[in-house]
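Enquirer: The structure under discussion is supplied below as structure tokens; questions concerning it will follow.
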Amino acid sequence: AVTLDDYMQLLWQRFGRPGGAVPGVVDRPYTQADLRTALAELTGDQAFADDFFDRYVEGHEVIDYAPLFERAGLVLRPRAPGQTWLGSPSLRFDRGGARIVAPVLFGSPLYDAGLERDDMLVSIDGQTLSSAGRLDAVLGDLDDGARVSVVYSRRGERRTTQLTVVADPTLELVPLEQLDGRPTPEQQRFRDDWLGSKAGL
């Protein structure tokens, strides 16, 4: 079976190996066309390489990973089903609320509501935020898509904005064995060939 490691080794041989005319710089930078050609050569399947690059590299389709992981007896599932999400912000709690202490994740509900690093979250949906447990409780009472009022402080000025919470998009990968299942012999063989002892499964 051809693996991603095989592909990366081929690309290293062609484009990454040091020893060019300028130390630390490759002699021949690669293009996307070079990557497509290398994939076709490695797999012996130009149609596969063209389809993959057209859909996932140059296109906008998202790979459906669940059936791919299923081949190895691994289940891809939501980490916190039913839990709403703000964007996994780094927060420091004190009496005034929850200070955002790191950049806000692009595209997250906090980001979309205009909140940023150093803002102090005072309340969400009228509920004060004195601890991580309190924030979890507030989020636990909200449904996916709920639009709520957020009171926050920016440089000492109290402000209000609207925020739409979403379902937690975080995924986890779980071996069938942890779900009281057993991989089939084919799944176990595939997993062993793919991961060997690297994953500790």
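First residue of the sequence shown: 29, per the working numbering; consecutive thereafter. We put the CB at the ideal spot given by N, CA and C, even for glycine. Predicted model, so just to flag it, every value in this text is computed and none were measured.
Name the DSSP bridge partner or partners of Trp40?
Expert: Trp40 is not bridged to any residue.
Enquirer: Am I right that Val150 and Leu143 are in contact with their C-beta atoms under 8 Å? What's the rounded C-beta distance?
Expert: With 8 Å as the limit, Val150 and Leu143 do not qualify as a contact, their Cβ atoms being about 12 Å apart.
Enquirer: Pro203 by DSSP, collapsed to three states: which one?
Expert: Residue state, collapsed to three classes: strand.
Enquirer: Please list the terminal residues of the continuous alpha helix (DSSP H) segment that includes Ala189.
Expert: The identity of residue 189 in the sequence shown is Thr, whereas the question assumes Ala. Element bounds for Thr189: not the alpha helix (DSSP H) but the beta strand (DSSP E), Glu185 to Thr192.
Enquirer: Pairing CB atoms from the stretch 206 to 215 with CB atoms from the stretch 93 to 113, are three or more of them under 8 Å?
Expert: yes
Enquirer: Alpha carbons only, please: which of Leu201, Val30 and His88 is nearest the one belonging to Glu69?
Expert: Val30
Enquirer: Just reading off the beta strand (DSSP E) that Asp122 is part of, what are its end residues?
Expert: Leu119 to Asp122
Enquirer: Does any C-beta atom of chain B lie closer than 9 Å to the C-beta of Gln41?
Expert: Considering every chain present, this structure includes no chain B. It has just one protein chain.
Enquirer: Do Thr112 and Leu167 have their beta-carbon atoms positioned less than 9 Å apart in this structure?
Expert: yes
Enquirer: Just verifying my parser: in three-state terms, what is the DSSP assignment at Thr112?
Expert: Here Thr112 sits in strand by DSSP.
Enquirer: Report yes or no: do three or more beta-carbon pairs, one from the stretch 169 to 178 and one from the stretch 147 to 161, lie closer than 8 Å?
Expert: The stretch 169 to 178 makes contact with the stretch 147 to 161, as at least three CB pairs between them are under 8 Å.
Enquirer: In angstroms with no decimal places, state the Cα-to-Cα distance between Leu229 and Leu207.
Expert: In this prediction, Leu229 scores a pLDDT of 49, lower than 50, which makes its location untrustworthy; no coordinate-derived value is stated.
Enquirer: Using the beta-carbon count (16 or more within 10 Å), is Asp196 buried or exposed?
Expert: buried
Enquirer: Tell whether a beta-carbon distance below 9 Å holds between Val193 and Ala165.
Expert: no
Enquirer: Taking the straight line between their C-alpha atoms, what separation do you get for Phe43 and Leu67?
Expert: 14 Å
Enquirer: What are the start and end residues of the alpha helix (DSSP H) that includes Tyr139?
Expert: Its alpha helix (DSSP H) spans residues Pro137 to Asp140.
Enquirer: Near Leu114, what residues of its chain come up, given a Cβ to Cβ distance below 6 Å and the 5 sequence neighbours on each side ignored?
Expert: Here the set comprises Pro137 and Leu138.
Enquirer: Buried or exposed: which applies to Arg219, given that a residue is buried once 16 or more other Cβ atoms fall within 10 Å of its Cβ?
Expert: buried
Enquirer: Cα separation between Leu38 and Ala94?
Expert: Inter-residue distance for Leu38 and Ala94 is about 27 Å (C-alpha atoms, whole angstroms).
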